[in-house]
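Numbering (our numbering), first residue to last: 1 to 472.
Just so it is clear, CB atoms sit at the ideal spot from N, CA and C, and this is done for glycine as well.
Every value quoted in this text rests on a predicted model; they were computed, and no experiment measured them.
See structure below.
Next up, the structure:
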């Protein structure tokens, strides 16, 4: 007894260090082992237990009402058989990892989902595959949720009849990272403050990302392609959009990024490529004491690079590259965009159609850049003709206005410090083979920048490169 007492502290320390006092993981479970199915196993588990599911098919329609971990090995399938939601979570601290969640119901009015939850803070959904589900996941009151590394595939339905790949509602501080979402409707964040959305790939949906009444979001490193709209931010404040790719979003509006009544925004280091409209803003910022910063982005090969409402003001554009857009910048109605700033502290933007020169070799054009082409003016009056932007017909209209100055409209913007060559940008995020064309485009931009530098050097012995700086 004395000997046992003497080694007891060592045993306790060993147990603490090795984690033996933690809840034990349950034995591996094979499909069909339990007469009552997976739900019976969940009902019999203790709070904090781990259920390990081996390969096989398990009946869905389950409810998790206690802290629990479901861990799959060999991709076990939880099959909803086309009825309702596959998994319902009504407990905090639940983890679901490594399973296939398949075949939810199809009723939008019931919001049939792969995973649906309510009052489930600390919910973790990691490394799962969602197949043939109406909503991928619909999380309510899931504060601090962790949604990582999932493959989410929607149903083969007309886009308006699909559910959302991810919907997070009234949940703060969620992290959504490394997911691939395809063939859903939207990925929606409503009344969800402090959300981080990072390194996701969202494609073939309606709105790739859709924020409403969600403040303090950080959206970075995502690839949003082949949607109707890449991302739409509405009625939200203090948002950061950095390092994202908006590519080939070409629905009826076709915005790469759309803004509506947003206040407190930084848009930096993004690529807007091959969209109908790269960036669209309506009443953003809405507060008269705020400025938005749009800095170091690439707008390339869009029908319209940037489209702003004619009353939009206090947006600062600096250090961006506008490359061969059908129309570089336009207003959505008659009027100019002079209440926005197109250079900051001597750093403007690079414009591929800038015809100026750099005699003093400071990297800044010696004449201002203005958009005063007739076709852009006609788009403001007749938006339906935007379809013809960049076509020979549009070029002929602009050539006529250059030939006959009386046809030339007043400029809608002036960049006092246009950049002679394309600024340097960090590498763009990629998403596998689906973005191979984007890789080619980025290489093309690099080659174009090199060519511009050579030409500028020949004309004016270009020695330096302008670097954006300062804050508003």
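Checklist entry - In terms of alpha-carbon separation, which member of 338, 394, 130 lies closest to residue 412? => result For the purposes of this step, residue 412 is identified with residue 412 of the chain shown, where counting begins at 1. Taking residue 412 as reference, the option from 338, 394, 130 with the minimal CA-CA separation is 338.
Checklist entry - Excluding sequence positions up to five away, which residues of its chain have a Cβ less than 6 Å from the Cβ of residue 481? => result Any property of residue 481 remains undetermined from this structure, which presents the chain solely from 1 to 472.
Next on the checklist: Would you call the region 126 to 145 in contact with the region 86 to 101, where contact means no fewer than 3 C-beta pairs closer than 8 Å?
Outcome noted: Taking 8 Å as the limit for Cβ pairs, the verdict is that the region 86 to 101 does touch the region 126 to 145.
Item to check | Cβ-based burial, residue 384 [other Cβ within 10 Å; buried from 16] | outcome: Here residue 384 is taken as the residue at index 384 of the chain shown, counted from 1. Residue environment for residue 384: exposed (fewer than 16 other C-beta atoms within 10 angstroms of its C-beta).
Checklist entry - Does the beta-carbon distance from residue 101 to residue 122 come in below 8 Å? => result Counting from 1 along the chain shown, the entry for residue 101 is found at position 101. Counting from 1 along the chain shown, the entry for residue 122 is found at position 122. Annotated as distal: residue 101 and residue 122, with beta-carbon spacing of 8 Å or more.
Checklist entry - Unbroken beta strand (DSSP E) runs of length 3 or more, entirely within the region 268 to 312: which are they? => result As far as the region 268 to 312 is concerned, its whole beta strand (DSSP E) runs of at least 3 residues are 271 to 273, 277 to 282, 292 to 295, 298 to 300, 304 to 308.
Checklist entry - By how many angstroms is the C-alpha of residue 311 removed from the C-alpha of residue 182? => result To locate residue 182, count along the chain shown from 1; it is residue 182. To locate residue 311, count along the chain shown from 1; it is residue 311. C-alpha separation (whole angstroms): 36 Å.
Next on the checklist: Please tell me whether residue 90 and residue 60 are closer than 8 Å, where the distance is taken between their beta carbons.
Outcome noted: Residue numbering aside, residue 90 sits at position 90 when the chain shown is read from its first letter. Residue numbering aside, residue 60 sits at position 60 when the chain shown is read from its first letter. For residue 90 and residue 60, no; Cβs fall outside 8 Å.
Checklist entry - Considering only residues of the region 208 to 269, which uninterrupted alpha helix (DSSP H) runs meet the minimum length of 4 residues and lie entirely inside it, listed in chain order? => result Correct list: empty.
Checklist entry - By how many angstroms is the C-alpha of residue 150 removed from the C-alpha of residue 159? => result On the chain shown, position 159 is the one that residue 159 refers to. On the chain shown, position 150 is the one that residue 150 refers to. Approximately 21 Å, taken between the alpha carbons.
Item to check | Extent of the continuous beta strand (DSSP E) to which residue 38 belongs | outcome: Here residue 38 refers to the residue found at position 38 of the chain shown. Where residue 38 is concerned, there is no enclosing beta strand (DSSP E), although the alpha helix (DSSP H) it sits in stretches over 37 to 44.
Checklist entry - Under a three-way DSSP split, which group does residue 189 fall into? => result Along the chain shown, one-based indexing puts residue 189 at 189. Strand.
Item to check | Alpha-carbon spacing of residue 226 relative to residue 206, whole angstroms | outcome: Counting from 1 along the chain shown, the entry for residue 226 is found at position 226. Counting from 1 along the chain shown, the entry for residue 206 is found at position 206. Looking at the two C-alpha atoms, the distance is approximately 9 Å.
Checklist entry - With C-beta atoms as the reference, is residue 162 less than 8 Å away from residue 184? => result Indexing the chain shown from 1 puts residue 162 at position 162. Indexing the chain shown from 1 puts residue 184 at position 184. Cβ atoms of residue 162 and residue 184: closer than 8 Å.
Item to check | Helix, strand or coil at residue 447 according to DSSP, with G and I counted as helix | outcome: The count along the chain shown starts at 1 and reaches residue 447 at position 447. Here residue 447 scores only 47 on pLDDT, less than 50, and its place in the model is too uncertain to base an answer on.
Next on the checklist: I believe residue 173 touches residue 187 by the beta-carbon criterion, under 8 Å. Please report the beta-carbon distance rounded to the nearest angstrom.
Outcome noted: Residue mapping note: residue 173 aligns to position 173 of the chain shown, counting from 1. Residue mapping note: residue 187 aligns to position 187 of the chain shown, counting from 1. Not confirmed; about 17 Å, so no contact.
Item to check | Nearest-angstrom Cα separation, counted from residue 255 out to residue 327 | outcome: As a position in the chain shown, residue 327 is number 327, starting the count at 1. As a position in the chain shown, residue 255 is number 255, starting the count at 1. Put simply, the backbone Cα of residue 327 is about 14 Å away from that of residue 255.
Item to check | Straight-line Cα distance separating residue 317 from residue 347 | outcome: Taking the chain shown and counting its residues from 1, one reaches residue 347 at position 347. Taking the chain shown and counting its residues from 1, one reaches residue 317 at position 317. The alpha-carbon atoms of residue 347 and residue 317 are separated by roughly 9 Å.
Item to check | For residue 133, the residue or residues it bridges with in DSSP | outcome: Walking along the chain shown from the start, residue 133 turns up at place 133. Bridge partners of residue 133: 154.
Next on the checklist: Rounding to the nearest angstrom, what Cα-Cα distance links residue 296 and residue 54 in this structure?
Outcome noted: Translated into the one-based positions of the chain shown, residue 296 becomes position 296. Translated into the one-based positions of the chain shown, residue 54 becomes position 54. Rounded to whole angstroms, residue 296 to residue 54 spans 49 Å at the Cα level.
Checklist entry - Buried or exposed: where does residue 109 fall if 16 or more other Cβ atoms within 10 Å of its Cβ makes it buried? => result Taking the first residue of the chain shown as 1, we reach residue 109 at position 109. So residue 109 counts as exposed.
Checklist entry - If you draw a straight line from the C-alpha of residue 410 to the C-alpha of residue 372, how long is it? => result Counting from 1 along the chain shown, the entry for residue 410 is found at position 410. Counting from 1 along the chain shown, the entry for residue 372 is found at position 372. The straight-line gap from Cα to Cα measures roughly 6 Å.
Checklist entry - Whole alpha helix (DSSP H) runs in the region 305 to 391 with 4 or more residues, listed along the chain? => result Listed in chain order, the complete alpha helix (DSSP H) runs (minimum 4 residues) inside the region 305 to 391 are 374 to 381.
Next on the checklist: Rounded to whole angstroms, what is the Cα-Cα separation between residue 439 and residue 268?
Outcome noted: Looking up residue 439 in the chain shown gives position 439. Looking up residue 268 in the chain shown gives position 268. Only weak support is given to the placement of residue 439: the predicted model assigns it a pLDDT of 46, under 50, and the question is left unresolved by the model.
Checklist entry - In whole angstroms, what separates the C-alpha of residue 304 from that of residue 49? => result As a working mapping, residue 304 is identified with position 304 in the chain shown. As a working mapping, residue 49 is identified with position 49 in the chain shown. Spanning the alpha carbons of residue 304 and residue 49 requires a straight line of approximately 55 Å.
Next on the checklist: Rounding to the nearest angstrom, what Cα-Cα distance links residue 382 and residue 375 in this structure?
Outcome noted: Indexing the chain shown from 1 puts residue 382 at position 382. Indexing the chain shown from 1 puts residue 375 at position 375. When rounded, the distance between both Cα atoms is 10 Å.
Checklist entry - The beta strand (DSSP E) spanning residue 117 covers which residue range? => result By 1-based counting over the chain shown, the position of residue 117 is 117. Unbroken beta strand (DSSP E) run through residue 117: 113 to 118.
Next on the checklist: Taking its Cβ as the centre, do 16 or more other Cβ atoms sit within 10 Å of residue 334, making it buried, or is it exposed?
Outcome noted: Indexing the chain shown from 1 puts residue 334 at position 334. By the neighbour-count definition (other C-beta atoms within 10 Å, threshold 16), residue 334 is an exposed residue.
Checklist entry - Roughly how many angstroms separate the alpha carbons of residue 197 and residue 235, rounded to a whole number? => result Locating residue 197 in the chain shown gives position 197, where the first residue counts as 1. Locating residue 235 in the chain shown gives position 235, where the first residue counts as 1. For residue 197 and residue 235, the distance between alpha carbons rounds to 18 Å.
Next on the checklist: Suppose you measure from the CA of residue 451 to the CA of residue 357; what does that come to, to the nearest Å?
Outcome noted: Numbered from its first residue, the chain shown carries residue 451 at position 451. Numbered from its first residue, the chain shown carries residue 357 at position 357. Model confidence at residue 451 stands at a pLDDT of 46, short of 50, so the residue's coordinates are unreliable; what they give is reported in the following sentence. Their backbone Cα atoms lie some 15 Å apart in a straight line.
Checklist entry - With 16 other CB atoms within 10 Å as the buried threshold, where does residue 265 fall? => result The residue given as residue 265 occupies position 265 in the chain shown. Buried.
Checklist entry - For residue 336, which residues from the same chain have a beta carbon less than 6 Å from its beta carbon, with the 5 sequence-adjacent residues on both sides left out? => result Reading the chain shown from its first residue, position 336 is the one you call residue 336. Within the same chain, residue 336 has close Cβ partners 412.
Checklist entry - Based on the DSSP output, what are the partners of residue 140 in its beta bridges? => result Taking the chain shown and counting its residues from 1, one reaches residue 140 at position 140. 118, 169.
Checklist entry - DSSP puts residue 198 in a beta bridge; with which residues? => result Here residue 198 refers to the residue found at position 198 when the chain shown is read from its first residue. Beta-bridge pairing links residue 198 to 177, 220.
Next on the checklist: Would residue 70 and residue 39 be called neighbours here (beta carbons separated by less than 8 Å)?
Outcome noted: Looking up residue 70 in the chain shown gives position 70. Looking up residue 39 in the chain shown gives position 39. Cβ distance not < 8 Å, so residue 70 and residue 39 don't count as in contact.
Checklist entry - Do you know offhand how far residue 321's Cα is from residue 242's? => result As a working note, residue 321 is residue 321 in the chain shown. As a working note, residue 242 is residue 242 in the chain shown. Distance between the alpha carbons of residue 321 and residue 242: 15 Å.
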